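Counting from 178, one number per residue, gives the positions in the sequence shown under the numbering used here.
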Amino acid sequence: MDRPIKLIKKVQVLCYDNSMKIEEIIKENQGGTVLFLGRITNFTPDELSNFLEAQGMSYSDKYVGQEVALTVLSTMMTPLEEEVSYELYDAKIPEVRLSQFEEFYTKHIKPNTLMMSIKLSNDQERLKRLLKNEAFSDEVYLKLFKMYDWGDDGVYDSDDNRDVTITFVKRYFNPDGFKDPAMVYSPITLSNIARDIQSTEVLDAMLTMPNHEIKQSRKDDVRPKNLREIIALNPYISNETIRYLLSFNSERINGFLACNNSIDNKTQEYIFKNSNLLSKRMLTQNENLDDSIFKELLKESSEIVESLLTFQKLTDSRLNMVLDAGLNSEILAFMGENKSIKGVTSKLLELDNRLVDFKLASNINLTTKELNGLHKKYGDEIKEQLILNQNLSISLLERFYNDKDNSILYLLAKNPTTPKYILDELCSMNIHEINRGLAVNPSVSLEYLQQFALDSELIMLMSTNERYLDSVNSAHLGMRSDDRY
Numbered sequence: 178m179d180r181p182i183k184l185i186k187k188v189q190v191l192c193y194d195n196s197m198k199i200e201e202i203i204k205e206n207q208g209g210t211v212l213f214l215g216r217i218t219n220f221t222p223d224e225l226s227n228f229l230e231a232q233g234m235s236y237s238d239k240y241v242g243q244e245v246a247l248t249v250l251s252t253m254m255t256p257l258e259e260e261v262s263y264e265l266y267d268a269k270i271p272e273v274r275l276s277q278f279e280e281f282y283t284k285h286i287k288p289n290t291l292m293m294s295i296k297l298s299n300d301q302e303r304l305k306r307l308l309k310n311e312a313f314s315d316e317v318y319l320k321l322f323k324m325y326d327w328g329d330d331g332v333y334d335s336d337d338n339r340d341v342t343i344t345f346v347k348r349y350f351n352p353d354g355f356k357d358p359a360m361v362y363s364p365i366t367l368s369n370i371a372r373d374i375q376s377t378e379v380l381d382a383m384l385t386m387p388n389h390e391i392k393q394s395r396k397d398d399v400r401p402k403n404l405r406e407i408i409a410l411n412p413y414i415s416n417e418t419i420r421y422l423l424s425f426n427s428e429r430i431n432g433f434l435a436c437n438n439s440i441d442n443k444t445q446e447y448i449f450k451n452s453n454l455l456s457k458r459m460l461t462q463n464e465n466l467d468d469s470i471f472k473e474l475l476k477e478s479s480e481i482v483e484s485l486l487t488f489q490k491l492t493d494s495r496l497n498m499v500l501d502a503g504l505n506s507e508i509l510a511f512m513g514e515n516k517s518i519k520g521v522t523s524k525l526l527e528l529d530n531r532l533v534d535f536k537l538a539s540n541i542n543l544t545t546k547e548l549n550g551l552h553k554k555y556g557d558e559i560k561e562q563l564i565l566n567q568n569l570s571i572s573l574l575e576r577f578y579n580d581k582d583n584s585i586l587y588l589l590a591k592n593p594t595t596p597k598y599i600l601d602e603l604c605s606m607n608i609h610e611i612n613r614g615l616a617v618n619p620s621v622s623l624e625y626l627q628q629f630a631l632d633s634e635l636i637m638l639m640s641t642n643e644r645y646l647d648s649v650n651s652a653h654l655g656m657r658s659d660d661r662y
């Protein structure tokens, strides 16, 4: 650089303090120039000039011999700009990163004034730049986001829409665990946010986006396939969002809302009265189902009643409703598979219903004493159902093991409460069918699970085995994110 560096005297005193704030630099160097080096994408020169003028400073993106009070460095500089930055640094000119200046700039913006300006001008180009500013609070960002005009294109169908979508994903995609940077650009990531986010405001903002299709599926597929359907499942949606989703009069959206635990009794009643078989079946899986709706669902088709008895918590009053409904034994047996019957197990056993008893034998809600009672009542005829129950007594597990029946040993291999010595002996047999049961059992020793990992079928089964998964995940601890790929 062939021109001398011009300094403001006060800078020479203040620049040695690395903790100096931008506010202090500007206050002590009124009339000086803030020099921006490198590419600036979130602000225009006019915006920066107007802002700095209000602060009593001048803007420049080229050094032409003026008095420099502060240098703002972008991450993208030309070789010439880098040379200038080195010279200014040697001359002890204070410097900050662009991200630091953006934060300073953002703190001086009045949100209400900004919103009104955007609304009156409908300046979408400026809005897109503002959305890229990571220094905005979530509250301000979401207000700006709702003002964006997506046009007739999808969230990833144009360069502008894609850029805006990426600002949203970068801000709100926070997976529990390892984060692959490439996921920011994956269309499936939006569905992860809609499913996992615990913010009513973010969910409301997502409904202003085009209804992004997550995947193609058949019309009767009960899995959500677009943003609205996934948002309908999120328990953090607001009452306003629920009413908005209901306004589409979509059987699929209503169905996903039906099993959302956050919907109130009034919404449950509306869905029950205005929806089809799918929505009613989804209602049977709502953990906060109102008792009055429970009673009405007992009058529906066998498919609905079977689902109701399988998924709904059974209380004394609900059990009385079920018994008063005059259902046959085959349908009543579904209560035996219900995982929310802890308070009524004794009453279910008192029904003396063989089909119900055989279903109850595998139910984790039954006590060891109750399971022993079922074995005493039915003998070995019920052992295949009992042997999978984690509450079964050790003495019965050992008795069944001594039978040496491979079909029974397979079931025994799946039970996490099977004694360790039995699991070790089953592993040492190295019988493939038995190994299939052992592969899913988190109580099996890790050394055996690691051996099973050499088998392509067994390693697929171990995808649900917590002990094996923990061992795999722990192997990644301390690694840099780019070491995994």
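Cβ coordinates follow ideal geometry from the N, Cα and C atoms, glycine included.
All figures in this text were calculated on a predicted structure; none of them were measured in a lab.
{"Item": "Under the three-state reduction of DSSP, which class applies to Glu464: helix, strand or coil?", "Value": "coil"}
{"Item": "Which value, in whole angstroms, describes the spacing of the CA atoms of Thr218 and Asn451?", "Value": "51 Å"}
{"Item": "Assuming Lys309 and Thr344 form a contact by the criterion Cβ under 8 Å, report the distance between their Cβ atoms to the nearest whole angstrom.", "Value": "6 Å"}
{"Item": "Only counting the same chain, and skipping five residues up and downstream in sequence, which positions put a Cβ closer than 6 Å to that of His285?", "Value": "none"}
{"Item": "Looking at C-beta atoms only, is the number of pairs between the stretch 475 to 486 and the stretch 498 to 518 that lie closer than 8 Å three or more?", "Value": "yes"}
{"Item": "For Glu527, which of helix, strand or coil comes out of DSSP?", "Value": "helix"}
{"Item": "Assess, as a yes-or-no matter, whether the stretch 283 to 298 is touched by the stretch 257 to 275 under the definition of 3 or more beta carbon pairs within less than 8 Å.", "Value": "no"}
{"Item": "Is Leu247 helix, strand or coil by DSSP?", "Value": "strand"}
{"Item": "To the nearest angstrom, how far is the alpha carbon of Ala590 from that of Asn618?", "Value": "7 Å"}
{"Item": "What residue does the alpha helix (DSSP H) around Tyr349 start on, and which one ends it?", "Value": "Asp336 to Tyr349"}
{"Item": "Below 8 Å on the Cβ atoms is my contact criterion, and I expect Arg348 with Phe220 to pass it. Report the Cβ-Cβ distance as a whole number of Å.", "Value": "Between Phe220 and Arg348 the Cβ distance is about 19 Å, and since that is not below 8 Å, they are no contact."}
{"Item": "So, are the CB atoms of Glu272 and Thr255 less than 8 Å apart?", "Value": "no"}
{"Item": "Could you name the residues that DSSP lists as bridge partners for Asn403?", "Value": "Glu390"}
{"Item": "Less than 8 Å between C-beta atoms, sequence neighbours within five positions excluded: which residues of the same chain meet that for Glu406?", "Value": "Arg429, Ile430 and Phe433"}
{"Item": "Between Leu291 and Leu275, which are expected to be in contact by the criterion C-beta below 8 Å, what is the C-beta distance as a whole number of angstroms?", "Value": "So it is not a contact: roughly 20 Å between Cβ atoms."}
{"Item": "Unbroken alpha helix (DSSP H) runs of length 4 or more, entirely within the stretch 597 to 632: which are they?", "Value": "597 to 606, 609 to 615 and 623 to 629"}
{"Item": "Note the first and the last residue of the continuous beta strand (DSSP E) segment covering Ser235.", "Value": "Ser235 to Ser237"}
{"Item": "Which of the three DSSP states, helix, strand or coil, is assigned to Phe278?", "Value": "helix"}
{"Item": "Mapping DSSP to helix, strand and coil, what is Leu475?", "Value": "coil"}
{"Item": "From the DSSP secondary-structure annotation, give me the bridge partner or partners of Leu156.", "Value": "The question about residue 156 has no answer here: the residues shown for the chain are numbered 178 through 662."}
{"Item": "My output table needs one value for Glu201: the three-state DSSP class, helix, strand or coil.", "Value": "helix"}
{"Item": "Please say whether Ile611 and Leu586 have beta carbons closer to each other than 8 Å?", "Value": "yes"}
{"Item": "Is the beta carbon of Ile518 sitting closer than 8 Å to the one on Leu491?", "Value": "yes"}
{"Item": "Going straight from the alpha carbon of Gln189 to that of Tyr282, what length do you get?", "Value": "Annotation note: pLDDT 39 at Gln189 (below 50); position unreliable, no value reported."}
{"Item": "Report the CB separation of Glu473 from Asn438 in whole angstroms; it is logged as a contact under 8 Å.", "Value": "About 19 Å separates the two Cβ atoms, so there is no contact after all."}
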